[in-house]
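In this note's numbering, the protein residues as written are 1 to 445.
In this text, a Cβ means the ideal position worked out from N, Cα and C, and glycines have one as well.
Quick caveat: nothing in here was measured; it's all calculated off a predicted structure.
Before any comments, here is the structure.
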Amino acid sequence: MTKRACSIILSAFLLFSLTSCITVDYRMGSDLIPSNQVLSINRVEFEAPMFTAVADSMNMSAPAYLAFGSVVSPLFGKTSTSALVQFAPYSYQTQYGDNPIVSDMFVNIPIGGFTVFSENDRYIPQNVYVYRLVKDLDKLDIYHESFSEEYIDPIPVSKPGIIFLGRDTLRIDFEETFAYELLQADSIERDSTGAFINRFKGLYITTDPLGAAETGGRINYLNINEANIYLNYKSGDGDSLLTYYFNIYGTYYNISSHQSSHLATTAPSEHLYYEGLAGVKPCLDAPALTARIKAWAQAQTPPVNPGHIMISRADLVMPVSKPSNQDYSMADRAPGYLYPSRLVSSDTLTFYSPLKEIYYDNSGGNMNRTHWEYTFEITSYLQELLKKSTVTTRDNLWIMPTYSVSGNSSDTWYVDNYTYRNTLLNGNMSDRPPFVRITYAVLLQ
């Protein structure tokens, strides 16, 4: 299944929808339970032990969009992102003709969206460069800083003077020397995607980063699913055309660099810092939260065995500062949908995965602009923690951006590894700190 998000203009000013202001009482009906029954329904709240950390293991592969650009903010510093992608011919030919002469080679890539933090940056000019990869893309790690300049030929294969002005399509014209190299593909390379990619390893798309003294900028999202590379050439007395596609069935991913690591802290005070891509993220300290719940359980009369707590509903509530003087800029910079995720590992890959609660109805994710808070359901997750004999940092929750992909029978949720946003949430020492709210019953001990 191909991962695709809805093609929308992702202006940082238009991401939120209003959510319901109705407060749900999860204890509804508890007063109807006779007092001599075994179970009673109760509710308790704990301050959520939060910290801020850099998402070092951010899996940047197979994004819904390839991203390139650069933005600078006074608080988070500079973030730059670039794109890596393989390509291959649509159809294979036994030969390209005698003495082919290149007419032109170009691609038009639709823009699926962008990030700007000021409307003044919507159409700023950006110099665009495309380089040829000289090392196998499949051999690279797919994390945000897994790439260096040693993987590219330092001479661009794009023609000089390509300037992108933030319109709906990016046109890239390629150097004729690169087109002639493609026409030199031998019979095996013309007949096999693998052999072709083994020789022509892929492309690196980037732009000039902003200077440290600048602010603003723009990050663009390329819709490579709807783009083809065209190589027009003459052979003999006729005109010929070769068409190449961006290999979304192979390896492609974004890379990013950040300057926000100074915001990572184990003891946040007034604020928690959120930044997209592999920037700093708020995290829930699972061992600390479990210890608080167990200490509370032991302090009850009589003491409660944590393993006998049956959770009906658990929410992680993360308030944000209420805007003053009608200034909504910080809230508008937040992503459209957040959800707690865990860092998990397979045989070959480490990645962040949203909690399964994200598939439940009313599981949260959007900011409630009536109460100015996010509310995430974590019921199954917290019940699992209370059953575990040992809780470690691998059980921590990372507050991640997410998006869904519609399938034949259901939606699938992924951590967003292409969109850049940043914002502030309330910290542990703020007037409205984050907290965990639990509706529960205690089983007969």
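From Gln259, Met318, Ser57, residue whose alpha carbon lies closest to that of Pro74: Here the question's residue 74 lines up with position 74 in the sequence shown. Closest by alpha carbon: Gln259.
Stretch pair the segment 382 to 399 + the segment 361 to 371: three plus CB contacts closer than 8 Å: no
Own chain partners of Glu150 with C-beta closer than 6 Å, once the 5 adjacent residues on each side are dropped: Residue mapping note: residue 150 aligns to position 150 of the sequence shown, counting from 1. Closer than 6 Å at the Cβ level, and outside the excluded window around Glu150, lies no residue.
Touch test, the segment 295 to 303 against the segment 101 to 114, Cβ-Cβ under 8 Å, three pairs minimum: no
Leu444 - partner residues in DSSP beta bridges: As a first step, residue 444 must be located in the sequence shown, where it is residue number 444. By DSSP's assignment, Leu444 forms no beta bridge with any residue.
Three-state secondary structure (DSSP) of Glu45: Here the question's residue 45 lines up with position 45 in the sequence shown. The answer is strand: DSSP assigns Glu45 an E or B state.
Burial state of Thr379, where buried means 16 or more other Cβ atoms lie within 10 Å: As a position in the sequence shown, residue 379 is number 379, starting the count at 1. Thr379 should be labelled buried.
Three-way DSSP call (helix, strand, coil) for Leu284 in this model: Counting from one through the sequence shown, the residue named residue 284 turns up at place 284. Residue state for Leu284 is assigned as strand, using DSSP reduced to three classes.
Short Cβ contact (8 Å threshold) for Ala64 with Asn254: Residue numbering aside, residue 64 sits at position 64 when the sequence shown is read from its first letter. Residue numbering aside, residue 254 sits at position 254 when the sequence shown is read from its first letter. No, the pair does not count as a contact, with Cβ atoms beyond the cut-off.
6 Å CB neighbourhood of Ser257 in its chain, flanking five on each side removed: Translated into the one-based positions of the sequence shown, residue 257 becomes position 257. Excluding residues within five positions, the ones whose Cβ falls inside 6 Å are Ser80.
Bridge partner(s) assigned by DSSP for Gly279: Numbered from 1 along the sequence shown, position 279 holds the residue referred to as residue 279. Paired residue(s): none; Gly279 is not in a bridge.
Cut-off 8 Å between Cβ atoms - residues of its own chain near Thr169, not counting five sequence neighbours on either side: Walking along the sequence shown from the start, residue 169 turns up at place 169. Cβ neighbours of Thr169 beyond the five flanking positions: Asn108, Ile109, Pro110, Ile111.
Where Thr52 falls, given that 16 or more other Cβ within 10 Å makes a residue buried: The residue you call residue 52 lines up with position 52 of the sequence shown. With 16 or more Cβ atoms within 10 Å of its Cβ, Thr52 is classed as buried.
Nearest neighbour of Leu231, chosen from Leu203, Glu181, Ile224 [CA to CA]: Residue mapping note: residue 231 aligns to position 231 of the sequence shown, counting from 1. Checked all of Leu203, Glu181, Ile224; the closest Cα to Leu231 is Glu181.
Cβ-based burial, Ile293 [other Cβ within 10 Å; buried from 16]: One-based indexing of the sequence shown puts residue 293 at position 293. Per the 10 Å Cβ criterion, buried.
Secondary structure of Asn428, DSSP reduced to three states: Here residue 428 is taken as the residue at index 428 of the sequence shown, counted from 1. Here Asn428 sits in coil by DSSP.
Environment of Thr439 [buried if 16+ CB atoms lie within 10 Å]: On the sequence shown, residue 439 is found 439 positions in, with the first residue counted as 1. By the neighbour-count rule (16 or more Cβ atoms within 10 Å), Thr439 is buried.
Cutoff 6 Å; reference Ala179; Cβ partners in own chain excluding five residues on either side: Position 179 of the sequence shown, counted from the start, is the residue given in the question as residue 179. Result list for Ala179: Val102, Met105, Leu231, in chain order.
Burial state of Gly211, where buried means 16 or more other Cβ atoms lie within 10 Å: As a working mapping, residue 211 is identified with position 211 in the sequence shown. It is exposed - the Cβ of Gly211 has fewer than 16 other Cβ atoms within 10 Å.
For Glu45 and Leu203, the rounded distance between their alpha carbons: Against the sequence shown, residue 203 aligns to sequence position 203. Against the sequence shown, residue 45 aligns to sequence position 45. Their Cα atoms are separated by approximately 52 Å.
Assumed close pair Phe68, Asn220 - CB separation to whole angstroms, cut-off 8 Å: In the sequence shown, the residue the question calls residue 68 occupies position 68. In the sequence shown, the residue the question calls residue 220 occupies position 220. Rounded, the Cβ-Cβ distance is 6 Å, consistent with contact.
Residue range of the beta strand (DSSP E) that includes Asn120: Numbered from 1 along the sequence shown, position 120 holds the residue referred to as residue 120. Here Asn120 belongs to no beta strand (DSSP E), and DSSP marks it neither H nor E.
Alpha-carbon to alpha-carbon, Glu270 and Val130: Within the sequence shown, numbered from 1, the residue matching residue 130 stands at position 130. Within the sequence shown, numbered from 1, the residue matching residue 270 stands at position 270. Each residue's alpha carbon lies about 43 Å from the other.
Three-state class that DSSP yields for Glu470 in the structure shown: The structure shown does not extend to residue 470, since the chain is modelled only from 1 to 445, so the question has no answer here.
Expected contact under 8 Å - CB spacing of Tyr244 and Gln86 to nearest Å: Reading the sequence shown from its first residue, position 244 is the one you call residue 244. Reading the sequence shown from its first residue, position 86 is the one you call residue 86. With 8 Å as the limit, Tyr244 and Gln86 do not qualify as a contact, their Cβ atoms being about 10 Å apart.
Contact under 8 Å by Cβ, Gly279 with Phe76: Position 279 of the sequence shown holds residue 279. Position 76 of the sequence shown holds residue 76. Cβ atoms of Gly279 and Phe76: closer than 8 Å.
The alpha helix (DSSP H) enclosing Ala179, as first and last residue numbers: Against the sequence shown, residue 179 aligns to sequence position 179. 176 to 182 is the span of the alpha helix (DSSP H), which, as asked, contains Ala179.
Beta bridge counterpart(s) of Arg171 as assigned by DSSP: Residue mapping note: residue 171 aligns to position 171 of the sequence shown, counting from 1. Partner(s): Asn108.
Rounded straight-line distance, which links the Cα of Arg199 to that of Asp98: Your numbering for residue 98 matches position 98 in the sequence shown. Your numbering for residue 199 matches position 199 in the sequence shown. Between Asp98 and Arg199, the C-alpha separation is close to 22 Å.
Contact the segment 156 to 173 vs the segment 188 to 197: 3+ CB pairs below 8 Å: The answer is no - the segment 188 to 197 does not touch the segment 156 to 173, with fewer than three Cβ pairs under 8 Å.
Rounded distance between the beta-carbons of Leu424 and Val320, thought under 8 Å: Taking the first residue of the sequence shown as position 1, residue 320 is located at position 320. Taking the first residue of the sequence shown as position 1, residue 424 is located at position 424. Yes, Val320 and Leu424 are in contact; Cβ-Cβ is about 7 Å, under 8 Å.
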